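Chains as they are written, first to last, in this note's numbering: chain A, 11 to 287; chain B, 11 to 287.
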């Protein structure tokens, strides 16, 4: 099973693929998110894995836009803790490290580490996993990289320091996408977890409209676990809402709530129903 | 008036300072967002400017967290269109450019440009404005940078190509922060704009709770222009909500709505009231 993701081999998205589908899924890297979607539509891959929100950086609106532009199904979700490790080629000791390569976002998430080790210079690179690939190929004698444990494993680097990130509460949530009509999957350990349904709808003229729309859920005692508004481009006072609720889309109560919501909203699309992570 | 911001001189945050306070405000660059807040608390600066959301990348949760940890007032907002320009030292023509330096996020937002010009290599740098500073200092004969027009102006670079970004709908919204109790400001051109109030509240057990909380606004015909939920760390089923409504915090109707919301929420804080951008 070939799975598209954005980034280099060893990226956190590949960790998400592992968590979602196990080690037999074959990761297929693409440079851009829209290429990931295009690959799935062209059936070059059988699924795609996509970051959708991060605890520090918020929702990836670009990917919500792509979810709406294409007609795929979310069949599972997972959450990856973003752990940054200092990785060097075997033979390079921590004491010899003078330069550390990584993506600037990763470098910026390890500032306490760099303050404690002032001899070490930060060097920017286009990708976290790519920086490990580079140091393993070029083998500079005084350089290391910051990336995931998976990147160290894939490129044969040694982890010199683990968990050097400033904030341990850094998680990214990923969706597994499959062609429309695909059945939900149960990633390992999630088989007993409650169901979640993700949907997008639009309304004019909130809060009257949002309040009424939410009544379709609240008056049926359905639990909301995410809501986010987003202004519609070029349409002042019209909004998209991303919403996750607890429940499976074919539960009778959820069915009724969705029918009711459809009456109240200008537009409604169910993006998928899946076991919560 | 000294204004703290995160980044290098010439960053988009400095453009926001210009839009908010005009050319006489003196920008004071800091490396991290928490340093920006600390500088304002220590009165090293009289205000701070902070990105809070982007149309492609969503809300900057890290900055919402800092808004809650500190006790400052949002006194104005502005929106900056993220325009990427190809900038080189005077004398370097477009035909000679072989390498382009910038932050990877900026490089990734100009992929169509790089596809059209395959001779040009992408080089990552820690910051967009910093990449202009670097090429103006080192003067490589075949290199350019991608950054704002302001960065070109500050460091004396020449713009070889304007607006090379893939997506023109890339805007970042910024807040102006001042000590608690500061009065709202009217940035140029915003004096007649409607008032907005930003608040944060928490509830247990949505949607019952969210639905009821929104009734405090909806039943008073107050317009919501943003809502976003965020799970509270370590407290399953409790949520923070970021909410922007149209209206000034001392309007009698808004006052009543806030009083009512306070009854319904576990926690409520008004972050500021200001003219919408």
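In this text, a Cβ means the ideal position worked out from N, Cα and C, and glycines have one as well.
None of the values given here were measured: they were computed from a predicted structure.
Secondary structure note for residue 136(A): it is in no alpha helix (DSSP H), with a DSSP letter that is neither H nor E.
Here DSSP, grouped into helix, strand and coil, assigns residue 21(B) to coil. At least one CB atom of chain A sits nearer than 9 Å to the CB of residue 113(B). Secondary structure in the stretch 211-255 of chain B: the alpha helix (DSSP H) runs of 4 residues or longer, each lying completely within the stretch, are 218-228 in chain order. The beta carbon of residue 269(B) sits no closer than 9 Å to any beta carbon of chain A.
Residue 108(B) is outside the set of residues whose beta carbon lies under 9 Å from a beta carbon in chain A.
Spatial neighbours of residue 37(A) in its own chain (CB-CB distance under 7 Å, excluding positions within 5 residues in sequence) are listed in chain order as 13, 15, 19, 24, 27.
The CB of residue 72(A) comes closer than 8 Å to the CB of 66, 67 in chain B, given here in chain order.
According to the DSSP assignment, residue 282(B) belongs to the beta strand (DSSP E) that extends over 277-285. Fewer than three beta-carbon pairs drawn from the stretch 69-76 of chain B and the stretch 196-209 of chain B are found closer than 8 Å, and the two stretches are therefore not classed as touching. The three-state reading of DSSP puts residue 29(B) in helix, counting H, G and I together. Cα atoms of residue 263(B) and residue 41(B): separation of roughly 41 Å, rounded to the nearest angstrom.
With fewer than 16 other Cβ atoms from the protein chains shown falling within 10 Å of its own Cβ, residue 229(A) counts as exposed. Listed by position along chain B, the residues whose Cβ is nearer than 7 Å to that of residue 42(A) are 121. Here residue 89(B) carries a strand assignment [DSSP, helix/strand/coil]. In its chain, beyond the 5 residues on either side, 278 have a beta carbon closer than 7 Å to the beta carbon of residue 272(B). Inclusion of residue 114(B) and residue 167(B) in the CB contact set at 9 Å is not warranted, their separation being larger than that value. Out of 214(A), 128(A), 219(A), the CA that lies nearest to the CA of residue 245(A) is found in 214(A). Closest in alpha carbon position to residue 85(B), among 184(B), 164(B), 66(B), is 184(B).
Linking residue 170(B) to residue 110(B) through their CA atoms gives a straight-line distance of about 12 Å. For residue 13(B), the enclosing beta strand (DSSP E) begins and ends at 12-16.
Interface criterion not met: the Cβ of residue 242(B) is under 9 Å from no Cβ in chain A.
Here the alpha carbons of residue 194(A) and residue 131(B) stand approximately 42 Å from one another.
Relative to residue 145(A), the option among 235(A), 165(A), 252(A), 219(A) whose CA is nearest is 165(A). As the crow flies, the alpha-carbon of residue 249(A) is around 54 Å from that of residue 151(A). Counting only the Cα atoms, residue 79(A) lies some 37 Å from residue 258(B).
Taken in chain order, the unbroken stretches of beta strand (DSSP E) that lie wholly in the stretch 128-184 of chain B and span 3 residues or more are 131-134, 153-157, 168-171.
Close partners of residue 224(B) in chain A (Cβ separation under 8 Å): 217, 220, 221, 224. Among the residues facing chain B, residue 136(A) is included, as its CB has a counterpart in that chain under 9 Å away.
Here DSSP, grouped into helix, strand and coil, assigns residue 264(A) to helix.
Taken in chain order, the members of the stretch 174-203 of chain A whose beta-carbon sits within less than 7 Å of a beta-carbon on chain B are 179. Against chain A, the CB of residue 117(B) has a partner CB under 9 Å away; the residue lies at that interface. Close partners of residue 145(A) in chain B (Cβ separation under 9 Å) are lacking, with about 15 Å as the shortest Cβ gap. Considering only beta carbons, no part of the stretch 157-174 of chain A lies closer than 9 Å to chain B. Its chain contains 226, 227, 230, 232 as the residues whose beta carbon lies nearer than 7 Å to that of residue 267(A), once the 5 sequence neighbours on both sides are disregarded; these appear in chain order. Annotated three-state conformation of residue 114(A) is helix, per DSSP.
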